[in-house]
Amino acid sequence: MTDNRNVIIAIILSMVVLFGWQFFVAGPQLERAAQQAQIAAEQAQSEAALATPPASAEAGTAATPGAIGADGNPSYPDRETAVAATQRVTIDTPDLLGSINLTGARIDDLELKQYRETVEPDSPIITLLTPAGAPDSYFVEQGWVAAGGANVALPTAQSVWTLEGDNTVLTPETPITLRFDNGAGLIFRRTFAVDEHYLFTVTQHVENLSATPVSLFPYSRVVRYGTPHVQNFFIQHEGPHGVLGSNNLISLKYSDLQKDQRRQLDNTQGWLGFSDKYWATAVLPNPQANINALFSWKNNAGYDDYQTSFVETTPVVVPPGGSATHESYVFAGAKEEAVIASYEQQYGFDRLELLIDWGWLHFITKPMFHLLTLLHGLLGNFGLAVLAVTVIVKALFFPLASRSYASMAAMRRVQPEMKAIQERLKDDRPAQQQAMMELYKKEKINPLSGCWPILIQIPVFFALYTVIFISLEMRHAPFFGWIRDLAAPDPTNIFTLFGLIPWDPTALPLIGGFLHLGVWPVIMGITMWVQMKLNPPPPDPTQAMIFNWMPVIFTFMLGTFPAGLVIYWAWNNTLSITQQWFIMKRHGVEVNLLGNILDSFRRKPKTAEPPKA
124 MTDNRNVIIA IILSMVVLFG WQFFVAGPQL ERAAQQAQIA AEQAQSEAAL
174 ATPPASAEAG TAATPGAIGA DGNPSYPDRE TAVAATQRVT IDTPDLLGSI
224 NLTGARIDDL ELKQYRETVE PDSPIITLLT PAGAPDSYFV EQGWVAAGGA
274 NVALPTAQSV WTLEGDNTVL TPETPITLRF DNGAGLIFRR TFAVDEHYLF
324 TVTQHVENLS ATPVSLFPYS RVVRYGTPHV QNFFIQHEGP HGVLGSNNLI
374 SLKYSDLQKD QRRQLDNTQG WLGFSDKYWA TAVLPNPQAN INALFSWKNN
424 AGYDDYQTSF VETTPVVVPP GGSATHESYV FAGAKEEAVI ASYEQQYGFD
474 RLELLIDWGW LHFITKPMFH LLTLLHGLLG NFGLAVLAVT VIVKALFFPL
524 ASRSYASMAA MRRVQPEMKA IQERLKDDRP AQQQAMMELY KKEKINPLSG
574 CWPILIQIPV FFALYTVIFI SLEMRHAPFF GWIRDLAAPD PTNIFTLFGL
624 IPWDPTALPL IGGFLHLGVW PVIMGITMWV QMKLNPPPPD PTQAMIFNWM
674 PVIFTFMLGT FPAGLVIYWA WNNTLSITQQ WFIMKRHGVE VNLLGNILDS
724 FRRKPKTAEP PKA
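One point on numbering: in this note's numbering, the residue at position 224 of the sequence shown is 347, and numbering is uninterrupted.
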């Protein structure tokens with residue numbers, strides 16, 4: 124009875140961790156108080172003022188869908204029309220396809236060649252960036268802010284740039300340069316280079332043909348119109364975020380930014396942008412550059428306007444008859460761990476690995492990811508890699524599990540003595556507990572050891588869950604049979620008789636969310652139920668009810684979990700059944716699994732009522 128109680132305690136603890144994680148651990152975000160300041164519209168002309176740059180890079184706004192934007196850009200009914208409406212320079216790399224808009228010299232049209240919206244091979248490739256004026260505009264922009272008091276004609280969002288040189292397509296081998304003449308003695312050039320993956324190098328060059336020096340502050344920003352759909356799940360952050368020096372990781376929800384409107388962090392270093400589940404866009408200055416960073420939101424003609432921007436604190440001074448150059452970077456693409464790690468190492472970007480949210484258990488999650496990736500390279504299938512990881516974890520924890528199951532076996536052997544103590548001292552609880560402790564000490568039994576096989580799985584479970592949920596490598600990774608995406612729920616459903624009934628039970632109000640139950644969650648529930656039947660049913664009716672319903676609850680709870688995680692749990696249960704059977708048999712405990720299962724289906728005799736007085 125005691126070992127059953129320990130298992131119940133372990134199960135309850137598991138559920139507490141599973142459901143309590145979101146509310147008590149993941150809620151607070153790692154952020155420090157941000158210094159709030161208004162945009163400095165002008166700077167003093169003195170040298171001292173030049174050392175104090177503008178507070179943000181809100182130099183112009185983008186178009187709002189459905190109306191003429193504040194910057195004069197027209198509105199377009201769809202993305203394709205917006206792209207076709209302006210002259211462009213094509214982007215074509217092994218991983219990217221898109222164009223740079225000659226109006227404003229923006230990167231505002233970008234698709235990811237290697238990733239599709241669904242598992243179907245002919246489904247559209249992923250769209251990342253969209254021009255201003257189209258629905259859900261999302262683009263990157265660089266530019267200059269003049270020092271305070273200076274009357275400098277700078278290129279704006281409406282400025283039309285011209286292409287210099289013979290290169291007409293931006294590829295990893297052929298950078299392109301755009302030119303803009305302000306007609307007042309300044310010639311601006313913007314050179315875009317891109318590697319074979321997702322990193323753009325943007326070099327801004329200013330040539331001063333006038334007779335006076337010009338001081339300019341370089342800025343870069345990511346603009347996003349409309350609030351994107353996010354899962355709002357505790358396991359991963361989606362929204363504005365960045366790593367900003369001693370301010371560390373800044374992770375904001377879109378709703379947080381709407382409430383605060385501005386989060387400004389001055390005189391810092393780092394990078395910032397927007398992160399989706401599998402994709403991200405970020406602007407990155409030179410790692411040694413000091414910047415004023417800004418996260419902002421405003422209502423632009425009834426449409427949400429989110430921006431992440433930085434302006435460098437050190438001005439670029441262009442002497443008369445001379446020129447000056449500034450370089451910054453843009454990451455726009457898929458959150459591939461190996462690619463991001465290579466950028467961090469090669470360019471020295473501060474903790475760029477945090478583009479991927481590894482979670483609070485990152486010290487387990489990231490090694491788990493690398494182990495899965497290694498096994499995938501050997502086995503050729505991420506599903507098989509998950510099964511192999513389960514075997515490895517079982518092997519690593521085998522000594523602990525062996526001691527735990529051995530202790531459970533010892534408790535089974537002394538069950539008659541425990542019952543005798545309970546009967547003898549049923550009216551004296553302190554004496555009963557003291558006698559129990561003496562029995563445990565005599566037999567060298569740890570009454571809590573039965574909890575460990577379940578409890579030690581919790582961090583491994585969450586780490587594996589995180590890897591399956593967030594890692595791009597698991598997206599659309601097939602297993603066998605009907606499982607074509609390990610990161611998505613099992614597509615089968617017993618409530619439609621696996622597709623024979625043409626209806627969607629999940630659309631039903633209130634209970635619809637519980638009416639998706641695939642084959643693998645059912646297999647998981649069966650293995651969990653069989654594992655519980657390794658022990659005879661507890662005599663206490665409440666405990667017996669918990670044991671009977673727990674597999675059902677977990678089956679429905681995991682019905683919408685990623686298939687990879689459900690397969691892991693089913694396989695883990697199967698290994699646990701084998702492991703526990705072997706260890707308990709080795710310690711001389713008879714495991715009547717078949718009898719315990721059959722007892723579950725036998726009707727219990729009714730207890731005779733006491734005779735009436």
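The beta-carbon is built from N, C-alpha and C at its ideal position, and this holds for glycine as well. All figures in this text were calculated on a predicted structure; none of them were measured in a lab.
1. Residues in its own chain within less than 6 Å of Val263 by CB, not counting five upstream and five downstream?
2. Thinking C-alpha only, which one of Arg536, Ser398, Asn370 is nearest His364?
3. Answer with buried or exposed for Ser594, where buried requires no fewer than 16 other C-beta atoms within 10 angstroms of its C-beta.
4. How close, in whole Å, do the beta carbons of Leu309 and Val329 come, if the pair is a contact with beta carbons under 8 Å?
5. Just the Cα atoms here: how many angstroms apart are Ala273 and Leu497?
6. CB of Ile700 to nearest heavy atom of the ligand MN: below 8 Å?
7. What is the C-beta distance between Pro336 and Phe311, in whole angstroms, given that I count them as a contact (C-beta under 8 Å)?
8. Runs of 4 residues minimum, wholly inside the segment 415-477: which ones carry the alpha helix (DSSP H) assignment?
9. Between the C-alpha atoms of Phe679 and Phe637, what's the straight-line distance to the nearest angstrom?
10. For a test of the three-state rule: what should DSSP assign to His328, helix, strand or coil?
11. Using CA coordinates, which residue listed in Leu502, Thr513, Arg474 is at the minimum distance from Met491?
12. With DSSP run on the structure shown, which of helix, strand or coil describes Gly221?
13. In this structure, how does DSSP classify Ala160 when only helix, strand and coil are distinguished?
14. First and last residue of the alpha helix (DSSP H) that includes Thr285?
15. Tell me where the alpha helix (DSSP H) around Ser378 begins and ends.
16. Does the separation of the CB atoms of Trp394 and Phe315 fall below 9 Å?
17. Give the secondary structure of Val516 by DSSP, where H, G and I count as helix, E and B as strand, and everything else as coil.
18. For the segment 245-313, list the beta strand (DSSP E) runs that are entirely contained and at least 3 residues long, ordered along the chain.
19. If we call anything under 9 Å between Cβ atoms a contact, is Trp643 one with Ala610?
20. What's the call for Trp284, buried or exposed, on a 16-neighbour Cβ count within 10 Å?
21. Leaving out the 5 sequence neighbours to the left and right, which residues in its chain are closer than 8 Å to Ser446 when beta-carbon positions are compared?
22. Among the residues of its own chain, which have a CB less than 6 Å from the CB of Tyr588, if the five just before and after it don't count?
23. Would Tyr348 and Ser260 qualify as a contact pair, given that the criterion is a beta-carbon distance under 9 Å?
24. Nearest-angstrom Cα distance between Tyr466 and Thr291?
25. Just the C-alpha distance for Asp550 and Glu561, rounded to the nearest angstrom, thanks.
26. Would you be able to state if there are at least three C-beta pairs under 8 Å between the segment 427-441 and the segment 397-416?
27. For the alpha helix (DSSP H) containing Lys542, list its first residue and its last residue.
28. What would DSSP say about Arg552, mapped onto helix, strand or coil?
29. Ile606 to Ala508, Cα distance in whole Å?
30. Once DSSP output is grouped into helix, strand and coil, what is the label at Val242?
31. Would you mind sorting Asp245 into buried or exposed? The rule is 16 or more other CB atoms within 10 Å of its CB.
32. Report yes if the CB atom of Glu319 is closer than 9 Å to the CB atom of Asp218, and no otherwise.
33. Quick one: is His493 buried, meaning 16 or more other Cβ sit within 10 Å of its Cβ, or exposed?
34. Could you tell me the distance, in whole angstroms, from the CA atom of Arg474 to the CA atom of Gly456?
35. Quick one: Cα of Asp613 to Cα of Asp428, how far?
36. Helix, strand or coil, according to DSSP, for Trp481 in the structure here?
For this structure:
1. The sequence position of residue 263 within the sequence shown is 140, counting from 1. Cβ within range, chain order: Ile230, Val345, Val453.
2. The sequence position of residue 364 within the sequence shown is 241, counting from 1. Closest by alpha carbon: Ser398.
3. The residue labelled residue 594 in the question sits at position 471 within the sequence shown. Buried, since its Cβ has 16 or more Cβ neighbours within 10 Å.
4. Stepping through the sequence shown from its first residue, residue 309 is reached at position 186. Stepping through the sequence shown from its first residue, residue 329 is reached at position 206. Confirmed, Cβ separation roughly 6 Å.
5. Here residue 273 refers to the residue found at position 150 of the sequence shown. Here residue 497 refers to the residue found at position 374 of the sequence shown. Going from the Cα of Ala273 to the Cα of Leu497 covers about 57 Å.
6. With respect to small molecules bound, the structure shown includes none, and the ligand MN cannot be examined in it.
7. Here the question's residue 336 lines up with position 213 in the sequence shown. Here the question's residue 311 lines up with position 188 in the sequence shown. About 16 Å separates the two Cβ atoms, so there is no contact after all.
8. 460-470
9. In the sequence shown, residue 679 corresponds to position 556, counting from 1. In the sequence shown, residue 637 corresponds to position 514, counting from 1. Those two C-alpha atoms are separated by around 6 Å.
10. Here residue 328 corresponds to residue number 205 of the sequence shown, with the count starting at 1. Strand, per DSSP.
11. To locate residue 491, count along the sequence shown from 1; it is residue 368. Among Leu502, Thr513, Arg474, the Cα nearest to that of Met491 belongs to Thr513.
12. By 1-based counting over the sequence shown, the position of residue 221 is 98. Looking at Gly221 - three-state DSSP - the assignment turns out to be strand.
13. Residue mapping note: residue 160 aligns to position 37 of the sequence shown, counting from 1. Confidence in Ala160 is poor, its pLDDT being 32 and thus under 50, which makes the residue's placement unreliable; the coordinate value appears in the next sentence. Coil at Ala160, not helix or strand.
14. The residue you call residue 285 lines up with position 162 of the sequence shown. For Thr285, there is no enclosing alpha helix (DSSP H); the residue is part of the beta strand (DSSP E) that begins and ends at 285-287.
15. The count along the sequence shown starts at 1 and reaches residue 378 at position 255. Unbroken alpha helix (DSSP H) run through Ser378: 377-383.
16. Counted from its first residue, the sequence shown places residue 394 at position 271. Counted from its first residue, the sequence shown places residue 315 at position 192. It is not a contact, given that the beta carbons lie outside the stated cut-off.
17. For the purposes of this step, residue 516 is taken as residue 393 along the sequence shown, with counting starting at 1. Note: Val516 maps to helix in three-state DSSP.
18. 248-252, 261-269, 285-287, 299-304
19. As a first step, residue 643 must be located in the sequence shown, where it is residue number 520. As a first step, residue 610 must be located in the sequence shown, where it is residue number 487. Not closer than 9 Å, so no.
20. As a first step, residue 284 is located in the sequence shown; it is residue number 161 there, counting from the start. It counts as buried.
21. In the sequence shown, the residue the question calls residue 446 occupies position 323. Apart from sequence neighbours up to five positions away, the residues of its chain that approach Ser446 with a beta-carbon distance below 8 Å are His328, Val329, Glu330, Asn331, ordered along the chain.
22. Numbered from its first residue, the sequence shown carries residue 588 at position 465. Excluding residues within five positions, the ones whose Cβ falls inside 6 Å are Leu688.
23. To locate residue 348, count along the sequence shown from 1; it is residue 225. To locate residue 260, count along the sequence shown from 1; it is residue 137. Contact annotation: Tyr348 and Ser260 have beta-carbon atoms nearer than 9 Å.
24. The count along the sequence shown starts at 1 and reaches residue 466 at position 343. The count along the sequence shown starts at 1 and reaches residue 291 at position 168. Just so you know, the alpha carbons of Tyr466 and Thr291 end up roughly 27 Å apart.
25. Residue 550 sits at position 427 when you count from the first residue of the sequence shown. Residue 561 sits at position 438 when you count from the first residue of the sequence shown. Each residue's alpha carbon lies about 18 Å from the other.
26. yes
27. Taking the sequence shown and counting its residues from 1, one reaches residue 542 at position 419. Element bounds for Lys542: 538-547.
28. Position 429 of the sequence shown, counted from the first residue, corresponds to residue 552. It is helical.
29. Your numbering for residue 606 matches position 483 in the sequence shown. Your numbering for residue 508 matches position 385 in the sequence shown. In this model, Ile606 and Ala508 are separated by some 15 Å (Cα to Cα).
30. Locating residue 242 in the sequence shown gives position 119, counting from the first residue. Three-state DSSP puts Val242 in coil, outside helix and strand.
31. The residue given as residue 245 occupies position 122 in the sequence shown. With fewer than 16 other Cβ atoms within 10 Å, it is exposed.
32. Reading the sequence shown from its first residue, position 196 is the one you call residue 319. Reading the sequence shown from its first residue, position 95 is the one you call residue 218. Yes, these two residues count as a Cβ contact at 9 Å.
33. By one-based count along the sequence shown, residue 493 stands at place 370. Classification of His493: exposed, given that the 10 Å Cβ count is below 16.
34. Position 351 of the sequence shown, counting from 1, holds the residue named residue 474. Position 333 of the sequence shown, counting from 1, holds the residue named residue 456. Looking at the two C-alpha atoms, the distance is approximately 17 Å.
35. As a working note, residue 613 is residue 490 in the sequence shown. As a working note, residue 428 is residue 305 in the sequence shown. Between Asp613 and Asp428, the C-alpha separation is close to 37 Å.
36. Taking the sequence shown and counting its residues from 1, one reaches residue 481 at position 358. Here Trp481 sits in coil by DSSP.
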